[in-house]
Amino acid sequence: MEWRILFLGPVGAGKTQAIQTISDIEVVSTEERATDATALIKENTTVAMDMGLMNIGDAGRIILYGAPGQERFDFMWEILLDQTQGIVILVNHASNDSLAALGSYITALRRLTVGAPPPFVVAITHTDEGEVTDLNEYRRYLHTHADDMGGSKIPVFRTDAREKRDIRNVLLALTAMLEFDERARLAVF
Ligand SMILES: Nc1nc2c(ncn2[C@@H]2O[C@H](COP(=O)(O)OP(=O)(O)OP(=O)(O)O)[C@@H](O)[C@H]2O)c(=O)[nH]1
Ligand SMILES: [Mg+2]
0 MEWRILFLGP VGAGKTQAIQ TISDIEVVST EERATDATAL IKENTTVAMD
50 MGLMNIGDAG RIILYGAPGQ ERFDFMWEIL LDQTQGIVIL VNHASNDSLA
100 ALGSYITALR RLTVGAPPPF VVAITHTDEG EVTDLNEYRR YLHTHADDMG
150 GSKIPVFRTD AREKRDIRNV LLALTAMLEF DERARLAVF
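Residue numbering for the sequence shown is 0 to 188, as defined by numbering that gives the first Met the number 0.
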């Protein structure tokens, strides 16, 4: 089985890092030196996409795509969404607008996908840096703002994008969801 999964989320959430952490091949990245507001967050930013690969079991593999976080490259989100069956929304818990950021990606998914949005999970990063909170804040938000997409049943994980085990858990949960999603199983690219 081969799955194609897209990491979406704001600048600095850890999309590129997550793929670098878990990929079994050398990651293809399109990083450029950041300018303007992004430069305050980190040195480099993705301008087109990242691509990696994770082997699962004997026969399976996941092709991993990372989107750019900057909205001026959001045309890439649509292109990448067309190529992928499942989505991980990464949210930087340490930013002061993490719930709004989650909301904007929920809105983007609604806008950019035809019919029901593809299965997705939410991975909260940088929890070691932000204030200690329980993840129910995010679950409540999804319950209220994404009821049409599964709401409070959408899995929310505490994830450090630098930790292999964390990323693996997130991806295995998402592939389990894809197994049950007829559209995902039948997708041909
Ligand atoms: N402390 C801490 N650092 C993290 C965590 N997750 C990711 N990081 C770090 O945060 C930074 C995230 O950078 P990237 O992976 O480039 O972020 P990105 O989402 O690809 O950002 P753009 O490509 O600019 O949209 C990296 O330095 C990671 O090592 C976490 O849970 N805790
Ligand atoms: Mg990146």
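Beta carbons are placed, not taken as given, at the ideal position from N, Cα and C, and that holds for glycine. Every value quoted in this text rests on a predicted model; they were computed, and no experiment measured them.
Inset, instruction - May I have the straight-line CA-CA distance separating Ala107 from Gly56, to the nearest angstrom? - result: Within the model, the alpha-carbon separation for Ala107 versus Gly56 is close to 33 Å.
Legend entry - When Gly114, Gly150, Ser28, Arg60 are compared against Asp49, the one with the closest alpha-carbon: Ser28
Legend entry - Reduced DSSP category for Arg3 - H, G, I as helix; E, B as strand; rest coil: strand
Inset, instruction - Give the straight-line distance between the Cα atoms of Leu173 and Tyr140, rounded to the nearest whole angstrom. - result: 20 Å
Legend entry - Glu25 CB to nearest heavy atom of ligand 2 below 8 Å: no
Legend entry - Buried or exposed by the 16-neighbour rule on C-beta atoms within 10 Å, applied to Gln82: Its Cβ having fewer than 16 others within 10 Å, Gln82 is exposed.
Inset, instruction - Go through its chain and collect everything with a Cβ distance to Gly68's Cβ below 6 Å, but skip five positions before and after it. - result: Pro9, Val10
Inset, instruction - With distances taken Cα to Cα, identify the nearest neighbour of Leu63 among Met75, Phe74, Arg71, Ile86. - result: Ile86
Legend entry - Distance cut-off 8 Å: Lys163 Cβ against heavy atoms of ligand 1: no
Legend entry - Ordered list of alpha helix (DSSP H) runs contained in the stretch 71 to 113, each at least 4 residues: You should have 74 to 82, 97 to 111.
Inset, instruction - For my contact list, Thr122 and Phe156 are in at a C-beta cut-off of 8 Å; report their separation, rounded to the angstrom. - result: It should be pointed out that residue 122 corresponds to Ala in this sequence rather than to Thr. Contact between Ala122 and Phe156 holds, since their C-beta atoms are separated by about 5 Å, short of 8 Å.
Legend entry - Contact check, Ala115 vs Arg182, beta carbons under 9 Å: Result yes, Cβ atoms of Ala115 and Arg182 sit closer than 9 Å.
Inset, instruction - Determine the direct distance from the alpha carbon of Thr34 to that of Asp96, and round the result to whole angstroms. - result: In a straight line, the C-alpha of Asp96 is about 21 Å away from that of Thr34.
Legend entry - First and last residue of the uninterrupted alpha helix (DSSP H) at Glu136: Per DSSP, Glu136 belongs to the alpha helix (DSSP H) from 135 to 144.
Legend entry - Counted within 10 angstroms of its Cβ, other Cβ atoms place Met53 as buried (16 or more) or exposed: buried
Inset, instruction - Using the DSSP secondary-structure output, state which residues sit across from Met53 in a beta bridge. - result: Ile61
Inset, instruction - Helix, strand or coil for Thr34, going by three-state DSSP, please let me know. - result: coil
Legend entry - Own chain residues within Cβ distance below 8 Å of His92, not counting five before or after: Ile123, Thr124, His125, Thr126, Glu128, Gly129, Thr132
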